[in-house]
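So for the sequence shown, numbering that gives the first Met the number 0 puts the first residue at 0; every next one is plus one. We put the CB at the ideal spot given by N, CA and C, even for glycine.
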Amino acid sequence: MIPAQQSTHEIHPIDGGALRHVCAHFATGVTVITTGLPGDSSGTTVNSFTSVSLEPPLVLFCLHQHSRLLPLLKESGGFVVNFLTRQQQSLAYAFAGRESADLTGVPHHRTQEGLPVLSEALAHLTCRLVEEYDGGDHTILLGRVVGLGAEEKPIDDPLIFYRGAMRELGGPVTVPPRS
Ligand SMILES: Cc1cc2nc3c(=O)[nH]c(=O)nc-3n(C[C@H](O)[C@H](O)[C@H](O)COP(=O)(O)O)c2cc1C
């Protein structure tokens with residue numbers, strides 16, 4: 000917890016834990032970024048997704064520099080952003096683990112480019128990797144959207160991440176599973 004007297008003032012130097020704590024107050028959706036061709040595909044849970052530009056159509060996300068997804072992503076030259084539904088909380092935690100990130104047993108299909116799309120996601124964007132930028136201990140990956148799809152039926156609500164916990168819109172906090 001940040002002491003009250005520091006909460007509205009700059010703190011020098013900025014402590015990583017405090018930064019994480021404060022940024023956790025920004026509610027986001029939850030995505031799984033998938034990449035790789037058949038036989039060598041993988042996914043990572045990401046909430047740093049941002050849409051950037053409509054013309055040209057660009058989006059970005061940030062990946063920590065030691066992520067196993069990074070070499071695979073560079074090799075395939077593209078990725079899919081899958082927006083998760085509130086039903087996919089366990090999937091979000093599964094793809095947040097180093098050991099359990101392959102797509103075996105997870106319903107998915109392939110784009111024209113051969114990239115994996117999570118079939119039960121709320122919506123997806125297929126992207127060609129166009130640029131990488133240094134983002135400190137993360138890499139900022141910029142993608143050009145080359146395909147997209149959304150579930151038109153009102154099937155489900157999105158999964159929300161807020162203050163370190165998965166939530167539903169307007170719903171109670173749900174506690175992460177113990178590993
Ligand atoms: C809700 C949530 C959001 C996350 N967002 C990111 C993110 O934006 N960037 C990132 O590098 N890791 C993020 N992570 C952590 C990665 O999912 C995790 O480090 C990764 O899957 C572990 O394998 P890897 O480090 O080899 O990629 C997030 C985890 C969770 C649970």
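Count the other CB atoms, across all protein chains shown, that sit within 10 Å of the CB of Cys22; report buried if there are 16 or more and exposed otherwise.
exposed
Under 8 Å by Cβ, that's how I've got Leu158 and Thr43 pegged, so tell me the actual separation to the nearest angstrom.
Rounded, the Cβ-Cβ distance is 15 Å, inconsistent with contact.
With H, G and I counted as helix, E and B as strand and the rest as coil, what does DSSP make of Pro115?
strand
Alpha-carbon to alpha-carbon, Gly96 and Gln4
The pLDDT assigned to Gln4 is 48, lower than 50, so where the model puts this residue is not dependable, and the model offers no usable value.
Touch test, the region 102-116 against the region 47-65, Cβ-Cβ under 8 Å, three pairs minimum:
no
Secondary structure at Pro37, three-state DSSP: helix, strand or coil?
coil
Do you know how far the Cα of His123 is from the Cα of Ser66?
21 Å
How many whole angstroms separate the CB atoms of Leu114 and Val79, which I take to be in contact at a CB cut-off of 8 Å?
5 Å
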